[in-house]
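Quick notes on the structure that follows.
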Amino acid sequence: MSVEFCGLRLAHPIINGSGTFDAIAARAAFGEALATAFPFSAYVSKTITLQPRTGNPPPRLWEAPSGLVNSIGLPNKGLEGYIAEDLPQLTGFRSDPSASPEGTSEPVLLITNVMGSTGEELGRLVEACDAQAGIAAIELNVSCPNVATGLDIGADPVQLESVVKVVRERTGKPLIVKLTPNAADVPGCAQAAEAGGADAVSLINTLRAMALAPGSGATGSARRWLGGGTGGLSGPAIRPVALAQVSAVSGRVGIPVIGMGGVQRPAHARDMLAAGARLVAVGTESFRDPAAGTRIAQGLL
Amino acid sequence: MSVEFCGLRLAHPIINGSGTFDAIAARAAFGEALATAFPFSAYVSKTITLQPRTGNPPPRLWEAPSGLVNSIGLPNKGLEGYIAEDLPQLTGFRSDPSASPEGTSEPVLLITNVMGSTGEELGRLVEACDAQAGIAAIELNVSCPNVATGLDIGADPVQLESVVKVVRERTGKPLIVKLTPNAADVPGCAQAAEAGGADAVSLINTLRAMALAPGSGATGSARRWLGGGTGGLSGPAIRPVALAQVSAVSGRVGIPVIGMGGVQRPAHARDMLAAGARLVAVGTESFRDPAAGTRIAQGLL
Amino acid sequence: MSAKPPGAGFGRRRGLVTGNDELGAYRVLRVADDGPAPAPGQFAMLASVERWGAGEDERPHLARAFSIARHRDGEAHYLLEDVGPGTRRLCELGAGEEVWVLGPLGKGFTAPDQGLRAILIGGGVGIAPLAILQDTLIASGTEHTVLLGFRDAPRLPGAELLRDARIASDDGSAGHHGLVTDLLLEELDSDPSATIYACGPAGMLEGVRAIAERAEVPAQLALEAGMACGFGACYGCVVPRRGGGYLRVCVDGPVIDAAELDHVEAHAGAPA
Amino acid sequence: MSAKPPGAGFGRRRGLVTGNDELGAYRVLRVADDGPAPAPGQFAMLASVERWGAGEDERPHLARAFSIARHRDGEAHYLLEDVGPGTRRLCELGAGEEVWVLGPLGKGFTAPDQGLRAILIGGGVGIAPLAILQDTLIASGTEHTVLLGFRDAPRLPGAELLRDARIASDDGSAGHHGLVTDLLLEELDSDPSATIYACGPAGMLEGVRAIAERAEVPAQLALEAGMACGFGACYGCVVPRRGGGYLRVCVDGPVIDAAELDHVEAHAGAPA
Ligand SMILES: Cc1cc2nc3c(=O)[nH]c(=O)nc-3n(C[C@H](O)[C@H](O)[C@H](O)COP(=O)(O)OP(=O)(O)OC[C@H]3O[C@@H](n4cnc5c(N)ncnc54)[C@H](O)[C@@H]3O)c2cc1C
Ligand SMILES: Cc1cc2nc3c(=O)[nH]c(=O)nc-3n(C[C@H](O)[C@H](O)[C@H](O)COP(=O)(O)OP(=O)(O)OC[C@H]3O[C@@H](n4cnc5c(N)ncnc54)[C@H](O)[C@@H]3O)c2cc1C
Ligand SMILES: Cc1cc2nc3c(=O)[nH]c(=O)nc-3n(C[C@H](O)[C@H](O)[C@H](O)COP(=O)(O)O)c2cc1C
Ligand SMILES: Cc1cc2nc3c(=O)[nH]c(=O)nc-3n(C[C@H](O)[C@H](O)[C@H](O)COP(=O)(O)O)c2cc1C
Ligand code: FES
Ligand code: FES
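Chains as they are written, first to last, in my numbering: chain X, 1 to 301; chain A, 1001 to 1301; chain S, 2001 to 2272; chain C, 3001 to 3272.
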């Protein structure tokens, strides 16, 4: 079950979706038991930006039919804070031995997810990650609005290719582009990422979504529930959409694909793999079951 | 509760989503009780194309978490068959009196939904509908792949505007453009429809989605469940996505908006109205409860 | 007995569960029902009023189709087999709980031509519509033969739903050790002037169809298909029609003349 | 009693429901629990193993947070109020059914400084963590006063969860007719050398915070917030921190020093 990914060896194909598992907080909550039974073969960080962000005002969560709408707003310590404070705490995690066929525990590889609104910003982020031996791969979150158009950078193949090109020059580490699902032509975007030099693509990110405060629709003064106004839908509700996009993208690029979106059980991970994914990421399901990664990886044995 | 829509008067704001209610089949199944207690104030036909279509091979349905993936493939009798055979049977329906504040039953207006892959094809369809006194308004389904690019015509604002312009010239009846949700910039597409001369926009159509046959992921030989390969996701699962798009579109166009996607209860319809919709369409929920339209309209009283 | 049902009245209604009895591997769900009397072969869409959903993969979401196995004394009977989240939920309902009922729906069986014998052939849970059909045949004094096939011993008690049945079983636990269509061939050999009424797994139905075609015996097949609505709204429940195009099982069927089909597709049968 | 809990062990576990008793408008759910002993103020994420979902709008999907009201003899007690699909499902669980338990989680209360009296002030279902806190205070012989506020008569029985409480009620059905914070003011007037432990609706907590600030009395507030995970993963459960930024209620709290907050937001309290 051990798998090759962009020249890296992973204990099994199950990793986490960015922003859905905080290894440092989880270690504090669950103790050292976590460090030697980490539920993922690689750990993807929350999205890191150049400057620190506090994130959106609450409420940040809305429970939807078979899913979750979040409007977290990418809180993070910023590049410097991440490297100085978080990175040292992100070493020493080992995957749960019960999730590998040999019963061995492997070091958990670190993938750092970064976002910037210009090629230059992304370039600086990637360069800094490149210099850190502890970081195995870099994931680019391109679901970031272009300041001029308001549309996601990642939704426009031309823009996406040029951004990836800029970034590609700054690192020799595996470069994953996390595509936005809110695009007309997701496979076209994947091809653009590949053309720009990406080593892999990951998808799907959350679907743009919204909720109104309960009862507020009735009063005629609709109030948006989420502090951030709108948010992103994740969880089982989006699984059929994720599967379609993963399948379409896998058919169009030669680089490996990381599939995610509503994966809860081994059967869902198998579907993602069958649709062409090399790795499968688990997001919202980890909220319900923090050991979901291990449970799913076990089911693939 | 009676509402004005593009110069038409409707008994209440609840209509059906195209392709989710067959008035002729329902009358056969439920008898004349239906004709005087029709659950919608206007009846939107299934999508009609120039030539007859038999639709996709089965299976055509996949039940998803809080939703449904369908791959029906727009079976219809073609323009001529529709006008000759169906249209005469679509008269005489009256809305359920319990859904209007005055307890009166109003004639159900007919909206014909059409699709074509070229402006010319659409032009012919619209012209033919224009000539029919029984048709109150025309809805354009632009979730049709462009033969050259494979992308939905409706996903590209420039293409969309020019298609709507062509069609606009062929009819004086209210022209509704049903937007595709599988676009990077849905509000931009709505603006393009408005610029092209649309009298209203409706959204959301189903989200592109897929399913693999149960267990087939495990065997390594993934088999797509749906005969059509891929399909579209509807139902409560997509409601937060629909609400976000309806809200974004309503903020950007001056023409009325028909909101739909996962509406099951009066509260959901109120949310749609609060987000800016003039009318609300019910789709998948009518499968579970054929009188859902009336139930929801009653709840708005 | 008529092919064209009376209007079912518009909309679903709440039905009180009056009983849920084990019948081997099956359950017989009884629901108080003051709706129109169904024609044999008609079905209803059922969903529990409470907690429909929250099974595997957050399903069921849509209602499920079930043949009306019996309708008498203001009660409808349904024969259920637990094959997934929807049937599982219905199987566990107890007296006092409620279901949404939409029906009777679809086209049922038509009576055999005057003087012709009826052969009822069913497989597994597909025997359900044959029970109510037999009730009518008995009432009208129509000569008929019942052939029922089951996979294994736990399913055999299903046969109690009908009277005087010849049994076949895949595992030889009772009756003929083999296919129920073997019994059909025997019956037609001895007397081919019959009309066949069949319901069961796709494989069995295809066997019946082929046999009837060869023997030039009329056959009415009660098909199944995944259904979202049950009343012609979704166009999801289709089977290919002989000569091209598709039939909607819910409104063009579920009982379809075998002559209308080239073959019975794998998706068009009852759980095996 | 310690602010820093021992590691909860990794992953959720199944817990057998051993009882579910009515307590006025509330329920006390008892769950067999061999997990680590919680510190007072800690919470657990709960979800029923069967049929979590299928309530209003196909919810609940995520687990729900509940204060551990008591933990003894291998059993955890939770005080539940039915306010939506998640609590509704848990309220109807019976002995023999199972729940997923993740916990104990979060930072609990810290003991009062040597010699200081503890004032426990709770509103509505927010009294839950004060019960286990009182157990510890009794065990350690710490002087304390209990002030409980309820909306109406059906909720008054909740007070039985603690001992020797002074009661306030919004509707005057028992004790002081008015806010429980009125009682707090009285207590502080008579003897201000105390530490306040508070849990309840946001309005009450904000009242307590403001009173404590003015009186310069230390106060520990057990906050609530919509939570997706309960262990710091989702960053969803935040409240604004004094001086800027946000605190995650699940890992920085739920018990938060009042001095860390400028105000208690409407979303940060228990159901009123
Ligand atoms: C007219 C008619 C009459 C019927 N009469 C009876 C009867 O009398 N008694 C009886 O027990 N049954 C009857 N059925 C069959 C019954 O409707 C199905 O067994 C039931 O719908 C299954 O639902 P489920 O949730 O239990 O199982 P499902 O999980 O829906 O599985 C049933 C089958 O559907 C497919 N499937 C699996 N997952 C999905 C998915 N996500 N989406 C779509 N399809 C999927 C698979 O082929 C699977 O074997 C009848 C069906 C029809 C159409
Ligand atoms: C640390 C902590 C301890 C707690 N301790 C207790 C306790 O001991 N006892 C107890 O009864 N409760 C306790 N709670 C509160 C409890 O967690 C909530 O009442 C519960 O989560 C409500 O879930 P529900 O599905 O029943 O209601 P919901 O429908 O989730 O409604 C609860 C509130 O959430 C909001 N809401 C409504 N719909 C949505 C939606 N779709 N998505 C997001 N928010 C929505 C509204 O403000 C609503 O009033 C505690 C909470 C926390 C954080
Ligand atoms: C609360 C939450 C926070 C998230 N934060 C991020 C993030 O910081 N960066 C990112 O690229 N994706 C983020 N995501 C998206 C997930 O990584 C994942 O793409 C998405 O949730 C779909 O997977 P799921 O359905 O398994 O959750 C977040 C998702 C959730 C639910
Ligand atoms: C089975 C099915 C068939 C549909 N057919 C059409 C169609 O022919 N034309 C069209 O414009 N939309 C069609 N739709 C989309 C619906 O009109 C509607 O936009 C969508 O289902 C979202 O609403 P809902 O969630 O309430 O179902 C169809 C949807 C379903 C589920
Ligand atoms: S089940 Fe919907 S058309 Fe037959
Ligand atoms: S509930 Fe997820 S971070 Fe607090």
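Cβ coordinates follow ideal geometry from the N, Cα and C atoms, glycine included.
Every value quoted in this text rests on a predicted model; they were computed, and no experiment measured them.
**Report entry** Near-chain A residues of the stretch 59 to 90 of chain X - C-beta to any C-beta below 9 Å
**Finding:** For the stretch 59 to 90 of chain X, which is checked against every Cβ of chain A, the residues closer than 9 Å are TRP62, ALA64, PRO65, SER66, GLY67, VAL69.
**Report entry** Proximity test, ILE3256 of chain C beta-carbon vs ligand 3 heavy atom, cut-off 7 Å
**Finding:** Locating residue 3256 of chain C in the fourth sequence gives position 256, where the first residue counts as 1. Because no heavy atom of ligand 3 lies under 7 Å away, the Cβ of ILE3256 of chain C does not count as near it: no.
Requested in this report: Using DSSP bridges, identify the partner residues of TRP1225 of chain A.
Outcome: Along the second sequence, read from residue 1 onward, the residue named residue 1225 of chain A stands at position 225. By DSSP's assignment, TRP1225 of chain A forms no beta bridge with any residue.
Report task. Tell me whether ASN1205 of chain A counts as near ligand 4, meaning its Cβ is closer than 7 Å to at least one heavy atom of that ligand. Result -> As a first step, residue 1205 of chain A is located in the second sequence; it is residue number 205 there, counting from the start. Judged by the Cβ position, ASN1205 of chain A qualifies as a neighbour of ligand 4 at the 7 Å threshold, a heavy atom of the ligand being closer than this.
Query raised in the report: Run through DSSP, which three-state label would SER3002 of chain C get?
Result: On the fourth sequence, residue 3002 of chain C is found 2 positions in, with the first residue counted as 1. Because the pLDDT at SER3002 of chain C is just 41, under 50, the model does not fix this residue reliably, and the value given afterwards should be weighed accordingly. SER3002 of chain C falls in the coil class under three-state DSSP.
Report task. Check each residue of the stretch 198 to 217 of chain X: if its Cβ is closer than 9 Å to any Cβ of chain A, include it; give the result in chain order. Result -> Of all residues in the stretch 198 to 217 of chain X, those with a C-beta nearer than 9 Å to a C-beta of chain A are LEU207, ARG208, ALA209, MET210, ALA211, LEU212, PRO214, GLY215, SER216, GLY217, reading in chain order.
Requested in this report: Identify whether LEU3161 of chain C lies in helix, strand or coil by the three-state DSSP scheme.
Outcome: Along the fourth sequence, one-based indexing puts residue 3161 of chain C at 161. Per DSSP, reduced to three states, the secondary structure at LEU3161 of chain C is helical.
Report task. Could you tell me whether the Cβ of GLY3007 of chain C comes closer than 8 Å to any Cβ of chain X? Result -> Here residue 3007 of chain C refers to the residue found at position 7 of the fourth sequence. For GLY3007 of chain C, the pLDDT reaches just 44, beneath the cut-off of 50, and the residue's location in the model is therefore unreliable, leaving the point undetermined.
Query raised in the report: Nearest-angstrom Cα distance between GLY2968 of chain C and GLU32 of chain X?
Result: Shown here, chain C extends from 3001 to 3272; a query on residue 2968 of chain C therefore has no answer.
Query raised in the report: Are LEU2261 of chain S and ARG2214 of chain S closer than 8 Å when you measure CB to CB?
Result: Position 261 of the third sequence, counted from the first residue, corresponds to residue 2261 of chain S. Position 214 of the third sequence, counted from the first residue, corresponds to residue 2214 of chain S. No; because the gap between Cβ atoms is not below 8 Å, this pair is not in contact.
**Report entry** Nearest-angstrom Cβ-Cβ length linking ALA25 of chain X and ALA3063 of chain C, presumed shorter than 8 Å
**Finding:** For the purposes of this step, residue 25 of chain X is identified with residue 25 of the first sequence, where counting begins at 1. For the purposes of this step, residue 3063 of chain C is identified with residue 63 of the fourth sequence, where counting begins at 1. Their Cβ separation, rounded to whole angstroms, is 17 Å, which puts ALA25 of chain X and ALA3063 of chain C out of contact at 8 Å.
Query raised in the report: How would you list, in chain order, the residues of chain A whose beta-carbon sits under 9 Å from the beta-carbon of PRO236 of chain X?
Result: Looking up residue 236 of chain X in the first sequence gives position 236. Result: ALA1064, PRO1065, SER1066, ALA1237.
Query raised in the report: If you measure from the beta carbon of GLY3244 of chain C to each beta carbon in chain B, is any gap under 8 Å?
Result: Structure shown: chain B not included; protein chains present are X, A, S and C.
Query raised in the report: Taking only beta-carbon atoms, is PHE30 of chain X less than 8 Å away from chain C?
Result: Position 30 of the first sequence, counted from the first residue, corresponds to residue 30 of chain X. Output row for PHE30 of chain X: interface = yes.
Query raised in the report: For the stretch 2052 to 2064 of chain S, which residues have a CB atom closer than 8 Å to at least one CB atom of chain X, in sequence order?
Result: Flagged, chain order: ASP2057, GLU2058.
Report task. Hey, could you find the ends of the alpha helix (DSSP H) GLU194 of chain X is sitting in? Result -> Here residue 194 of chain X refers to the residue found at position 194 when the first sequence is read from its first residue. Looking at the DSSP string, the run of the alpha helix (DSSP H) that includes GLU194 of chain X is 186 to 196.
Query - Span separating the alpha-carbon of GLN1051 of chain A from that of GLU1085 of chain A - result: Taking the first residue of the second sequence as 1, we reach residue 1051 of chain A at position 51. Taking the first residue of the second sequence as 1, we reach residue 1085 of chain A at position 85. Taking C-alpha positions only, GLN1051 of chain A is separated from GLU1085 of chain A by approximately 14 Å.
**Report entry** Contacts of ARG223 of chain X in chain C (Cβ-Cβ under 7 Å)
**Finding:** Taking the first sequence and counting its residues from 1, the one referred to as residue 223 of chain X is at position 223. Per Cβ cutoff of 7 Å: no residues; ARG223 of chain X is ~12 Å from chain C at best.
**Report entry** Counterpart residues of VAL167 of chain X in DSSP-defined beta bridges
**Finding:** On the first sequence, position 167 is the one that residue 167 of chain X refers to. In DSSP, VAL167 of chain X forms no bridge with anything.
Report task. Evaluate contact between the stretch 1111 to 1129 of chain A and the stretch 1055 to 1070 of chain A, counting only Cβ atoms and requiring at least three cross-stretch pairs below 8 Å. Result -> With contact defined as three or more Cβ pairs closer than 8 Å, the stretch 1111 to 1129 of chain A and the stretch 1055 to 1070 of chain A are not in contact.
Query - Simplified DSSP state of GLN1089 of chain A, which is helix, strand or coil - result: Sequence index remark: in the second sequence, residue 1089 of chain A carries index 89 (1-based). Under the three-state reduction of DSSP, GLN1089 of chain A is assigned to helix.
Query raised in the report: Quick one: what's got a C-beta closer than 8 Å to ARG2248 of chain S's C-beta in the same chain, skipping five residues either side?
Result: Walking along the third sequence from the start, residue 2248 of chain S turns up at place 248. Result list for ARG2248 of chain S: GLY2232, TYR2235, CYS2237, VAL2238, in chain order.
**Report entry** TYR3026 of chain C versus LEU3105 of chain C: straight-line alpha-carbon distance, rounded
**Finding:** Taking the first residue of the fourth sequence as position 1, residue 3026 of chain C is located at position 26. Taking the first residue of the fourth sequence as position 1, residue 3105 of chain C is located at position 105. Within the model, the alpha-carbon separation for TYR3026 of chain C versus LEU3105 of chain C is close to 23 Å.
Report task. Mind listing the chain A neighbours of GLY2226 of chain S? Cutoff is C-beta to C-beta under 7 Å, in chain order. Result -> Reading the third sequence from its first residue, position 226 is the one you call residue 2226 of chain S. Counting only Cβ-Cβ distances below 7 Å, GLY2226 of chain S has contacts in chain A at PRO1059, LEU1061, in chain order.
Report task. Measure the Cβ-Cβ separation of GLY1261 of chain A and ARG1288 of chain A and say whether it is below 8 Å. Result -> The count along the second sequence starts at 1 and reaches residue 1261 of chain A at position 261. The count along the second sequence starts at 1 and reaches residue 1288 of chain A at position 288. In this structure, GLY1261 of chain A keeps its C-beta atom at 8 Å or more from the C-beta atom of ARG1288 of chain A.
**Report entry** DSSP bridge partner residues for LYS1077 of chain A (one or two, in chain order)
**Finding:** Taking the first residue of the second sequence as 1, we reach residue 1077 of chain A at position 77. Looking at the DSSP assignment, LYS1077 of chain A forms no beta bridge with any residue, so it has no partner.
Report task. Could you check if ILE296 of chain X is buried or exposed, using at least 16 other CB atoms within 10 Å of its CB as the buried criterion? Result -> Numbered from 1 along the first sequence, position 296 holds the residue referred to as residue 296 of chain X. Residue environment analysis places ILE296 of chain X among the buried positions, since at least 16 neighbouring C-beta atoms fall within 10 angstroms of its C-beta.
Query - Alpha carbon of PRO97 of chain X to alpha carbon of GLU106 of chain X, nearest angstrom - result: Your numbering for residue 97 of chain X matches position 97 in the first sequence. Your numbering for residue 106 of chain X matches position 106 in the first sequence. Distance between the alpha carbons of PRO97 of chain X and GLU106 of chain X: 8 Å.
Requested in this report: Using the Cα positions of ILE3121 of chain C and GLU3022 of chain C, report the straight-line distance between them to the nearest angstrom.
Outcome: Here residue 3121 of chain C corresponds to residue number 121 of the fourth sequence, with the count starting at 1. Here residue 3022 of chain C corresponds to residue number 22 of the fourth sequence, with the count starting at 1. Distance from the CA of ILE3121 of chain C to the CA of GLU3022 of chain C, rounded to the nearest whole angstrom, comes to 23 Å.
Query raised in the report: If we count the other Cβ atoms within 10 Å of its Cβ and call it buried at 16 or more, is GLY2115 of chain S buried or exposed?
Result: Taking the first residue of the third sequence as 1, we reach residue 2115 of chain S at position 115. The C-beta of GLY2115 of chain S has fewer than 16 other C-beta atoms within 10 Å across all chains shown, which makes the residue exposed.
Query raised in the report: For chain X, is any of its Cβ atoms less than 8 Å away from the one on LEU1243 of chain A?
Result: Taking the second sequence and counting its residues from 1, one reaches residue 1243 of chain A at position 243. Yes, because at least one Cβ of chain X sits closer than 8 Å to the Cβ of LEU1243 of chain A.
Query raised in the report: What's the gap between the Cα of GLY1019 of chain A and the Cα of THR1047 of chain A?
Result: Within the second sequence, numbered from 1, the residue matching residue 1019 of chain A stands at position 19. Within the second sequence, numbered from 1, the residue matching residue 1047 of chain A stands at position 47. Those two C-alpha atoms are separated by around 7 Å.
Query raised in the report: How would you call ALA3259 of chain C, buried or exposed, if buried means at least 16 neighbouring beta carbons within 10 angstroms?
Result: On the fourth sequence, residue 3259 of chain C is found 259 positions in, with the first residue counted as 1. With fewer than 16 other CB atoms across the displayed protein chains lying within 10 angstroms of its CB, ALA3259 of chain C is exposed.
Query - Cβ neighbours of GLY2015 of chain S in the same chain (closer than 7 Å, five flanking residues each side left out) - result: The sequence position of residue 2015 of chain S within the third sequence is 15, counting from 1. Excluding its 5 nearest sequence neighbours in each direction, GLY2015 of chain S has C-beta neighbours in its own chain below 7 Å: VAL2031, ALA2032, ASP2033, GLU2098, VAL2099, VAL2101, listed in chain order.
Report task. Please determine if the stretch 1099 to 1116 of chain A and the stretch 1135 to 1146 of chain A are in contact, where contact requires at least 3 C-beta pairs separated by less than 8 Å. Result -> Flag = yes, the stretch 1099 to 1116 of chain A and the stretch 1135 to 1146 of chain A touch.
Query raised in the report: Which bits of chain A does VAL2251 of chain S rub up against, with CB to CB less than 7 Å?
Result: Position 251 of the third sequence holds residue 2251 of chain S. Neighbours of VAL2251 of chain S on chain A, chain order: ALA1025, ALA1028, ALA1029.
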